[in-house]
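The listed protein sequences derive, respectively, from chains A and B.
One rule links them: number in the numbering used here = place in the first sequence (from 1) + 1.
One rule links them: number in the numbering used here = place in the second sequence (from 1) + 1.
For every residue, glycine included, the Cβ atom is placed at its ideal position computed from N, Cα and C.
Heads up: the structure comes next, in structure tokens.
Protein chains: 2
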Amino acid sequence: MRVPVDELKKTTLQAILNSGYDAAEAETILDVLMYAQLRGNNQGIIKLTGAGMPKSPAAGEIRIARETKLSARVDGAQNQGMVVLTRATGMALEKAKAHDFGIVGTFNTCTSTGAIGYYASRIAREGFIGLIFAGSTTYVSMYGSYEPLFGTNPLAIGIPSAEKPIVFDMATSAMAWYGILEAKLAGKTLPEGIAFDRDGNPTTDPAAALEGAIRPFGGYKGAALSLIVEVLTGPLVGAAFTGLGDDHKTNWGCLVMAINPELLVERETFLSDVARLTERVKSAKALPGVDEILIPGERGDRILEAVLQSGSIEVEDNLWSALQEVAARA
Amino acid sequence: MRVPVDELKKTTLQAILNSGYDAAEAETILDVLMYAQLRGNNQGIIKLTGAGMPKSPAAGEIRIARETKLSARVDGAQNQGMVVLTRATGMALEKAKAHDFGIVGTFNTCTSTGAIGYYASRIAREGFIGLIFAGSTTYVSMYGSYEPLFGTNPLAIGIPSAEKPIVFDMATSAMAWYGILEAKLAGKTLPEGIAFDRDGNPTTDPAAALEGAIRPFGGYKGAALSLIVEVLTGPLVGAAFTGLGDDHKTNWGCLVMAINPELLVERETFLSDVARLTERVKSAKALPGVDEILIPGERGDRILEAVLQSGSIEVEDNLWSALQEVAARA
Numbered sequence: 002m003r004v005p006v007d008e009l010k011k012t013t014l015q016a017i018l019n020s021g022y023d024a025a026e027a028e029t030i031l032d033v034l035m036y037a038q039l040r041g042n043n044q045g046i047i048k049l050t051g052a053g054m055p056k057s058p059a060a061g062e063i064r065i066a067r068e069t070k071l072s073a074r075v076d077g078a079q080n081q082g083m084v085v086l087t088r089a090t091g092m093a094l095e096k097a098k099a100h101d102f103g104i105v106g107t108f109n110t111c112t113s114t115g116a117i118g119y120y121a122s123r124i125a126r127e128g129f130i131g132l133i134f135a136g137s138t139t140y141v142s143m144y145g146s147y148e149p150l151f152g153t154n155p156l157a158i159g160i161p162s163a164e165k166p167i168v169f170d171m172a173t174s175a176m177a178w179y180g181i182l183e184a185k186l187a188g189k190t191l192p193e194g195i196a197f198d199r200d201g202n203p204t205t206d207p208a209a210a211l212e213g214a215i216r217p218f219g220g221y222k223g224a225a226l227s228l229i230v231e232v233l234t235g236p237l238v239g240a241a242f243t244g245l246g247d248d249h250k251t252n253w254g255c256l257v258m259a260i261n262p263e264l265l266v267e268r269e270t271f272l273s274d275v276a277r278l279t280e281r282v283k284s285a286k287a288l289p290g291v292d293e294i295l296i297p298g299e300r301g302d303r304i305l306e307a308v309l310q311s312g313s314i315e316v317e318d319n320l321w322s323a324l325q326e327v328a329a330r331a
Numbered sequence: 002m003r004v005p006v007d008e009l010k011k012t013t014l015q016a017i018l019n020s021g022y023d024a025a026e027a028e029t030i031l032d033v034l035m036y037a038q039l040r041g042n043n044q045g046i047i048k049l050t051g052a053g054m055p056k057s058p059a060a061g062e063i064r065i066a067r068e069t070k071l072s073a074r075v076d077g078a079q080n081q082g083m084v085v086l087t088r089a090t091g092m093a094l095e096k097a098k099a100h101d102f103g104i105v106g107t108f109n110t111c112t113s114t115g116a117i118g119y120y121a122s123r124i125a126r127e128g129f130i131g132l133i134f135a136g137s138t139t140y141v142s143m144y145g146s147y148e149p150l151f152g153t154n155p156l157a158i159g160i161p162s163a164e165k166p167i168v169f170d171m172a173t174s175a176m177a178w179y180g181i182l183e184a185k186l187a188g189k190t191l192p193e194g195i196a197f198d199r200d201g202n203p204t205t206d207p208a209a210a211l212e213g214a215i216r217p218f219g220g221y222k223g224a225a226l227s228l229i230v231e232v233l234t235g236p237l238v239g240a241a242f243t244g245l246g247d248d249h250k251t252n253w254g255c256l257v258m259a260i261n262p263e264l265l266v267e268r269e270t271f272l273s274d275v276a277r278l279t280e281r282v283k284s285a286k287a288l289p290g291v292d293e294i295l296i297p298g299e300r301g302d303r304i305l306e307a308v309l310q311s312g313s314i315e316v317e318d319n320l321w322s323a324l325q326e327v328a329a330r331a
């Protein structure tokens, strides 16, 4: 059904508050969820439904476990992933503003960080190159295997520009975990080549895939990228990783980097050159049937613009009722 | 034919010297080419044959165009790409040793940098996380287009470990340019889905592909990664890039980063955790027909070990005669 944006935001905020978060946490989480939902990304309000994302009773004070001028390692203390990664992104930006480079890792969270393009976009909008890597528990198999070992291990890259920033956000799996969940809820089958069942047979059944493994995207190259993200969000930040043992379910990690382009070139030249590059790419000769060549981030921006212009957004009936239910809880 | 490794090295060195390089440059180039050739990578001695890689008469003194504690921008002054990137890698390592992070860009070269896993491997062997991005002239199309806009834009990542480092090196194109050239020289066709001819028709003919465009790997995600590499090796380092104009043929760029893992965690813990992770991945349940799950870099290491053990290497007859010819020139 068609839902007014204001109503969607209000209902989502209430659902977050009903999940146990304080007002400041709720604003942060709302911002991340709306970034996804209003851009047609599958990491939006669905996260609040079903088992949802109740605040962990174990959540303590977020603290800095290690810090240098250029870096920090943040103990998430079982707080919500979006809250912790927002904090880490802010720290990486501060360090980059002061010293041209900031790298901040997080550990000891075990909940989704949402669409990580959100954080990359924030860094890019402040004029820095942003790199985000996010770990999670095991869903994805290595190339040649059908055993779930890696998280969907997304990476996001934000590039500032004199025009709109480039914001690229991708799972290194053939499909995001929430995409599989969405297919299951909608009663749809998966495309071929996305997943294995628990015995290693190829499957298009999302329920079987959730019990089996998702493939990495792009064959061996995608699998290798997934392994690299596993290193950057596991061993490098002192979070769990495949092979470490049981705490893979409760101790996920993330890594944020912010790089000042002025380390290498003049800021204004860089920004205008990026804009020139994207313009050239957009003007490339298109294949038959292709209306427009899209820069990373642009598809979502288009959806967002249309939503904001109309003031309302299409939300699947079941999803909207499920969200309303959470928002109506006492 | 089977060629003794010593003879291969001697002949290659002579071919490099005959291409106009001094002794120090020749040792550097030999090292990079042998890294590829002895690992079964298609960026080895083939580069010396055909048009080869004569030293540019325009080559001047390599100079530092911009420098900070953490960064440098190196003017390659039309020197050979391997020589310039070796210098840049050394600088990034020095900065990372002194300040935990080093980022060095290069511009004003227009020749191949060879298998960039070489540089990532060097950084990893020194205990740092290495990231290498390499630009080149236009061969690869954006997703949705058939017009060559990007270089094959490889990226390489080196991760130190208590065991062997992880060294991942991939073109963001569906096939490396030298892979297409190799297929053409061997009279082979390309797999489906790799390339377009100049009119945008899918082609399996390597000659038509060289006049048309190579596709990015992995659909939209690979194309987006290729665009990101174009930014990092163009606008960010002040080298040419698609959309800048004519000097795309003579002014390629590269970017090197070296990151000290101690910015975030204890060195020994990091190294042993990476080893633990790779061991776990190698022990994953394999799909039918898969003998062994390989970590990035391992396939090449296996080939190298076998070559070193036997003391000789299989080289295609035509390639060997072509190399000998260059080495025999007065």
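Quiz item: Would a C-beta distance cut-off of 7 Å place A125 of chain A and N42 of chain A closer than the cut-off?
Solution: no
Quiz item: The beta strand (DSSP E) spanning T107 of chain B covers which residue range?
Solution: 102 to 110
Quiz item: Do we get a CB-CB distance below 7 Å when we pair E148 of chain A with the residues of chain B?
Solution: By this cut-off, E148 of chain A is an interface position.
Quiz item: Any idea what DSSP makes of L156 of chain A, helix, strand or coil?
Solution: strand
Exercise. Could you name the residues of the same chain whose beta carbon sits closer than 6 Å to that of P207 of chain B, not counting the 5 residues immediately before and after it, in chain order?
Key: I181, A184, K185, L191
Quiz item: Does the Cβ of P297 of chain A have 16 or more other Cβ atoms within 10 Å, making it buried, or fewer, making it exposed?
Solution: buried
Practice problem: Tell me S174 of chain B's beta-bridge partners as DSSP assigns them. | Solution: B:P217
Exercise. Examine the Cβ distances between the segment 226 to 233 of chain A and the segment 170 to 179 of chain A and report whether three or more of them are shorter than 8 Å.
Key: yes
Quiz prompt | Whole-angstrom distance between A24 of chain A and L237 of chain A, CA atom to CA atom | solution = 32 Å
Quiz item: How about the segment 131 to 138 of chain A and the segment 252 to 269 of chain A: do they share at least three Cβ pairs that are nearer than 8 Å?
Solution: Contact holds between the segment 131 to 138 of chain A and the segment 252 to 269 of chain A, because three or more Cβ pairs, one in each stretch, are under 8 Å apart.
Quiz item: Residue range of the beta strand (DSSP E) that V291 of chain B falls in?
Solution: Looking at the DSSP string, V291 of chain B is not in any beta strand (DSSP E), and its letter there is neither H nor E.
Quiz item: Comparing alpha-carbon positions, which option in B:V33, B:K56, B:K10 lies nearest S20 of chain B?
Solution: B:K56
Quiz prompt | Neighbour flag for K286 of chain B against chain A, beta carbons, 7 Å | solution = yes
Quiz item: Distance, Cα to Cα, L49 of chain A vs A89 of chain B?
Solution: 48 Å
Quiz item: Using a Cβ-Cβ distance under 7 Å, would K222 of chain B count as near chain C?
Solution: Of the protein chains in the structure, A and B, none is chain C.
Quiz item: What does a CB cutoff of less than 6 Å around L264 of chain A pick up in its chain, not counting 5 residues either side in sequence?
Solution: D101
Quiz item: Taking any Cβ of chain A, which residues in the segment 150 to 162 of chain B have a Cβ under 7 Å from it, in chain order?
Solution: L150, I158, I160
Quiz item: Measuring CA to CA, which of A:S313, A:R330, A:P149 is closest to T243 of chain A?
Solution: The shortest C-alpha to C-alpha distance from T243 of chain A to any of A:S313, A:R330, A:P149 is the one to A:P149.
Exercise. Could you tell me which residues DSSP puts in a beta bridge with T204 of chain A?
Key: A:A196
Quiz item: Under a three-way DSSP split, which group does F134 of chain A fall into?
Solution: strand
Quiz item: Taking 7 Å as the CB-CB cut-off, is M236 of chain A touching chain B?
Solution: Here the sequence assigns Pro to residue 236 of chain A, which means Met is not the residue at that position. Output row for P236 of chain A: interface = yes.
Quiz item: Looking at C-alpha atoms only, which residue of B:A328, B:A307, B:V316, B:G301 is the closest neighbour of Y36 of chain B?
Solution: B:G301
Quiz prompt | Cβ shell of E293 of chain B (< 8 Å), same chain only, five flanking positions each side left out | solution = K283, A287
Quiz item: For the candidate residues B:I46, B:L31, B:D32, B:I30, whose alpha-carbon lies nearest to that of Q325 of chain B?
Solution: B:I46
Practice problem: Closer than 7 Å, Cβ to Cβ, to anything on chain A: give me those residues from the segment 54 to 80 of chain B, in chain order. | Solution: Listed by position along the chain: R67, T69, L71, S72, R74.
Quiz prompt | Local Cβ density within 10 Å of K11 of chain A, reported as buried at 16 or more and exposed below that | solution = exposed
Quiz item: Between the segment 94 to 117 of chain A and chain B, which residues of the former have a C-beta closer than 9 Å to a C-beta of the latter?
Solution: H100, D101, F102, I104, V105, G106
Practice problem: Return the chain-ordered list of same chain residues with a C-beta closer than 8 Å to the C-beta of V75 of chain A, the five sequence neighbours on each side being excluded. | Solution: Around V75 of chain A: I63, R64, I65, A66, V85, R88, A89, M92, V105, G106, T107, F108.
Quiz item: Tell me which same chain residues have a C-beta within less than 7 Å of the C-beta of S313 of chain B, skipping the five on either side of it?
Solution: Excluding positions up to five away in sequence, the list reads R3, V4, P5, V6.
Quiz item: Using 7 Å as the limit for Cβ to Cβ distance, is D170 of chain A near chain B?
Solution: no
Quiz item: Out of curiosity, what's the CA-to-CA distance linking P289 of chain A and A240 of chain B?
Solution: 32 Å
Quiz item: Cα separation between G201 of chain B and M83 of chain A?
Solution: 43 Å
Quiz item: V291 of chain A touches chain B at which residues, Cβ-Cβ below 7 Å?
Solution: G145
Quiz item: Quick one: what's got a C-beta closer than 8 Å to T29 of chain B's C-beta in the same chain, skipping five residues either side?
Solution: M83, V84, T87
Quiz prompt | Pairwise C-alpha distance: T153 of chain B and V291 of chain B | solution = 29 Å
Quiz item: Between T243 of chain A and chain B, is there a C-beta pair that is closer than 7 Å?
Solution: yes
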